[in-house]
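Chemist: Per the numbering used here, the very first residue in the sequence shown carries number 4; after that it's consecutive.
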Amino acid sequence: GFIVGIPTVSVAGLWWGRRVGRRFDLAPPTLLKTDADATGPPPAIGLVLGIIFIPILLILVHTLTRMLVDAAWVNDSWLTESLIFLGHPYIALLLSCLIALYWLGIRRGTGRQELQQLATKALGPAGIIILITGAGGVYKQMLMATGAGEALATWLVAYPLLPPLLAFVLAALIRILQGSATVAMITGAGLIAPALPALGLSAPQTALLVLGIAAGASTLSHLNDSGFWLVKEYLGMDEKTTLQTWSMMTVLLSLTALILILALYLLV
4 GFIVGIPTVS VAGLWWGRRV GRRFDLAPPT LLKTDADATG PPPAIGLVLG IIFIPILLIL
64 VHTLTRMLVD AAWVNDSWLT ESLIFLGHPY IALLLSCLIA LYWLGIRRGT GRQELQQLAT
124 KALGPAGIII LITGAGGVYK QMLMATGAGE ALATWLVAYP LLPPLLAFVL AALIRILQGS
184 ATVAMITGAG LIAPALPALG LSAPQTALLV LGIAAGASTL SHLNDSGFWL VKEYLGMDEK
244 TTLQTWSMMT VLLSLTALIL ILALYLLV
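(1) Would DSSP call residue 27 helix, strand or coil?
(2) For residue 77, which of helix, strand or coil comes out of DSSP?
(3) Would you call residue 236 buried or exposed, if buried means 16 or more other Cβ atoms sit within 10 Å of its Cβ?
(4) For residue 271, which three-state DSSP category applies?
(5) Expressed to the nearest angstrom, what Euclidean distance is found between the alpha-carbon atoms of residue 173 and residue 219?
(6) Can you look up residue 70 in the DSSP assignment and give me helix, strand or coil?
(7) Would you identify the three-state DSSP class for residue 252, choosing helix, strand or coil?
(8) Run through DSSP, which three-state label would residue 46 get?
(9) Please confirm if the segment 68-76 is in contact with the segment 86-98, defined as three or more CB-CB distances below 8 Å between the two stretches.
(10) Distance, Cα to Cα, residue 137 vs residue 182?
(11) Which same chain residues end up closer than 6 Å to residue 195 when comparing Cβ atoms and leaving out the 5 residues on each side of it in sequence?
(12) Give the DSSP-derived three-state secondary structure of residue 92 in the structure shown.
(13) Give me the Cα-Cα distance between residue 201 and residue 93, rounded to the nearest whole angstrom.
(14) Among 199, 234, 192 and 271, which has the Cα closest to the Cα of residue 207?
(15) Label residue 227 either buried or exposed according to how many other C-beta atoms from any shown protein chain fall within 10 Å of its C-beta, with 16 as the threshold for buried.
(16) In whole angstroms, give me the CA-to-CA distance for residue 248 and residue 23.
(17) So residue 232 is in the alpha helix (DSSP H); what residue range does that whole segment cover?
(18) Since residue 265 contacts residue 167 with CB under 8 Å, what's their CB separation in whole angstroms?
(19) For residue 224, I'd like the list of residues in its chain whose CB is within less than 7 Å of its CB, leaving aside the five on either flank, ordered along the chain.
(20) Pick helix, strand or coil for residue 225, following the three-state DSSP scheme.
(21) What's the C-alpha gap between residue 233 and residue 65?
(22) Ordered along the chain, which non-local residues of its own chain (more than five positions away) have a Cβ less than 6 Å from that of residue 107?
(23) For residue 27 and residue 222, what's the separation of their Cα atoms in angstroms?
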């Protein structure tokens with residue numbers, strides 16, 4: 004993983020980032036601008052960091068508690084149930100939001116109307132992401148229900164490709180069609196798994212095949228990917244610029260990883 008990951012990050016992250024930074028001049032997104040009319044001293048850094056880390060700690064406690072209960076190391080009780088409930092991502096984020104509204108808003112003299120406007124403004128960028136993600140989910144489910152991915156996999160397996168290349172192509176096509184990298188990895192792995200015994204791969208070759216699935220599932224983040232819209236909205240870019248920067252970065256990342264994976268596969 005490190006042998007493939009470090010050069011890939013260097014090319015797709017550092018090199019591509021510098022190249023894109025020189026070509027595109029973007030103004031700072033308005034979401035990150037400080038209100039010029041704000042009065043009073045800024046909040047203490049400890050308070051801000053505490054609010055940021057509260058949901059992270061709660062989610063970690065949730066995960067650890069569930070693991071201990073499932074392993075029968077800790078008896079299930081009202082305390083463990085409470086920790087699991089409070090650490091659920093929805094509850095943890097809601098609690099941190101309420102704490103932020105109180106300590107960064109009400110305690111600093113912010114009125115109810117202003118807090119309501121702030122909350123409404125924060126929902127704006129998320130709206131388009133939620134809509135696009137929902138539409139992408141419907142599209143993905145339609146492809147899965149029609150069996151398009153499985154038919155495509157059956158067609159591709161008939162071609163004499165190197166296993167990592169085949170895994171890459173399968174995952175990449177699923178990713179491009181339905182947008183989710185997670186679904187592409189899971190689906191690609193499920194389609195490749197039945198053929199593994201016949202391939203007779205060694206442990207390093209199997210690991211490289213898995214990396215091929217991950218590389219293919221990372222390619223071409225575009226309009227049906229919620230991550231595409233997240234980057235677009237929060238960095239204040241239009242669709243064309245996001246395609247030229249973010250989407251091309253994901254393509255470069257996956258192709259760089261593929262080249263390294265194939266080179267290693269031929270060596271081991």
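Glycine is no exception: its CB is placed at the ideal position from the N, C-alpha and C atoms. Keep in mind the model is a prediction, meaning the values are calculated, not measured.
Modeler: With the structure as the only source:
(1) Under the three-state reduction of DSSP, residue 27 is assigned to coil, being neither helix nor strand.
(2) In the structure shown, residue 77 sits in coil (DSSP, three-state: anything other than H, G, I, E or B).
(3) Residue environment for residue 236: buried (at least 16 other C-beta atoms within 10 angstroms of its C-beta).
(4) Residue state, collapsed to three classes: coil.
(5) Rounded to the nearest angstrom, the two C-alpha atoms are 7 Å apart.
(6) Under the three-state reduction of DSSP, residue 70 is assigned to helix.
(7) Looking at residue 252 - three-state DSSP - the assignment turns out to be helix.
(8) DSSP places residue 46 in coil when its eight states are reduced to three.
(9) Remark: three or more beta-carbon pairs, one from each stretch, lie closer than 8 Å, so the segment 68-76 and the segment 86-98 are flagged as touching.
(10) Whole-angstrom Cα-Cα distance: 11 Å.
(11) 170.
(12) In the three-state DSSP reduction, residue 92 falls in the helix class (H, G or I).
(13) Looking at the two C-alpha atoms, the distance is approximately 44 Å.
(14) Of the candidates 199, 234, 192 and 271, the residue whose Cα lies closest to the Cα of residue 207 is 271.
(15) Classification for residue 227: buried.
(16) So the alpha carbons of these two residues sit roughly 7 Å apart.
(17) That run of the alpha helix (DSSP H) goes 229-238.
(18) 6 Å between Cβ atoms; contact.
(19) Same-chain partners within the cutoff: 230, 231, 249, 250 and 253.
(20) Residue state, collapsed to three classes: coil.
(21) Cα-Cα distance, rounded: 27 Å.
(22) Listed in chain order, the non-local C-beta contacts of residue 107 below 6 Å within the same chain comprise 46, local neighbours out to five positions each way being set aside.
(23) Those two C-alpha atoms are separated by around 22 Å.
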